[in-house]
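Some notes on the structure that comes next.
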Amino acid sequence: MEKIVSWTIINNEIEFIKDIFEYHSPWLDGMYFLDTGSTDGTLEYLKSIQSEKVIIEEYHTKFTPQYGKDWLEIKDPFPEVEIRNFALTRVSAIFNPKWLIQLDGDEVFLEKTREIIEVNKAFDIISHSTINPVCKLEDHPIEKRDGKVMYDPHARIWKAEVWIKYVSNPAFKGKQIHCIPVCNGKHVYYHKKNKWIAEPFHYHLHWMYGKKTSIKYLDVQHTNLFSGYLPVVFWQRRNNWIASQNIE
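In this text, residue positions in the sequence shown follow my numbering: the first is 218, and each later residue adds one.
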């Protein structure tokens with residue numbers, strides 16, 4: 218069986234973190250969390266978990282998220298490249314995993330992820346569609362890769378031995394924000410042993426709970442397309458938020 222470990226950089230994710238931990242921990246072999254300055258109880262919750270396969274560390278510098286600002290408008294950008302590479306080094310050293318999953322504190326990988334990895338273990342990287350359940354499919358960035366239609370494709374799963382690292386996205390003029398993963402100097406998308414999976418098994422949740430949400434993106438009927446995939450707890454949370462906004 219492949220040893221699969223997630224790594225997560227967190228900062229004020231109390232709305233999500235309990236659900237994220239409880240949903241992923243049963244099928245992962247380890248979870249690494251790096252806190253960069255939470256003040257809302259996220260860090261305290263994680264420290265209360267009694268599990269040998271969960272490691273929580275605090276980054277040496279604290280940061281305050283600047284939600285609501287465009288990346289290019291941030292004067293003191295969060296050093297995403299530096300922190301992600303630090304987390305990658307630490308999770309590999311602590312767990313010695315076979316596979317790594319980059320898991321944000323406000324998203325979910327379905328349990329079938331483990332089976333997908335086991336079936337495709339001859340590959341080095343697994344790239345996939347990223348679905349925002351609040352956003353219409355046609356509003357996602359859509360690309361055709363490897364003969365498949367990919368909705369907002371991401372590379373979030375790879376073998377630890379590949380030694381992927383992050384660099385600044387050149388589109389952002391050298392700022393350490395919105396970074397990209399590279400392997401041997403090239404974006405991981407172009408690694409020759411990259412497997413593209415079109416089947417949805419990874420979902421962004423940060424709009425589902427109302428955090429950083431703009432109502433103009435809300436499409437309640439569209440979310441029904443995914444109700445059979447996502448765990449019930451996420452739909453309950455989302456329905457509660459919709460009710461609080463008096464949305465017809």
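We treat Cβ as the ideally placed atom computed from N, Cα and C, and that holds for glycine.
Boundaries of the beta strand (DSSP E) in which F250 is found, first to last residue: Locating residue 250 in the sequence shown gives position 33, where the first residue counts as 1. Here the beta strand (DSSP E) through F250 covers G247 to D252.
Closest by C-alpha distance to E378, when choosing among P387, F312 and G247: Looking up residue 378 in the sequence shown gives position 161. Of the candidates P387, F312 and G247, the one whose C-alpha sits nearest the C-alpha of E378 is F312.
What are the start and end residues of the beta strand (DSSP E) that includes K376? What you label residue 376 is simply residue 159 of the sequence shown in a count that begins at 1. Taken as a continuous stretch (DSSP letters only), the beta strand (DSSP E) holding K376 covers H371 to K376.
Quick check on Q438: does DSSP put it in helix, strand or coil? Counting from 1 along the sequence shown, the entry for residue 438 is found at position 221. Residue confidence for Q438 is low, a pLDDT of 48 falling below 50, so the modelled location carries little weight; the figure read from the coordinates is stated next. Reduced to three states, the DSSP call for Q438 is helix.
Among E261, I374 and E299, which one has its Cα closest to the Cα of I470? This structure cannot settle anything about residue 470, because the visible part of the chain is limited to 218 through 465.
Could you check the C-alpha separation between I453 and D363 for me, to the nearest Å? What you label residue 453 is simply residue 236 of the sequence shown in a count that begins at 1. What you label residue 363 is simply residue 146 of the sequence shown in a count that begins at 1. Note on identity: in this sequence residue 453 is Gln, with Ile being the wrong assignment. Distance between the alpha carbons of Q453 and D363: 36 Å.
Where does W452 fall in DSSP's three states? Numbered from 1 along the sequence shown, position 235 holds the residue referred to as residue 452. Three-state result, W452: helix.
Compute the Euclidean distance between the alpha carbons of E355 and W413, then round it to the nearest angstrom. In the sequence shown, the residue the question calls residue 355 occupies position 138. In the sequence shown, the residue the question calls residue 413 occupies position 196. Their backbone Cα atoms lie some 20 Å apart in a straight line.
May I have the straight-line CA-CA distance separating T430 from H357, to the nearest angstrom? Translated into positions along the sequence shown, residue 430 becomes position 213. Translated into positions along the sequence shown, residue 357 becomes position 140. Unreliable placement is indicated for T430, whose pLDDT of 47 sits below 50; no coordinate value is reported for it.
Span of the alpha helix (DSSP H), counted from its first residue to its last, around K264: For this step, residue 264 is matched to residue 47 along the sequence shown. First-last of the alpha helix (DSSP H) with K264: T259 to K264.
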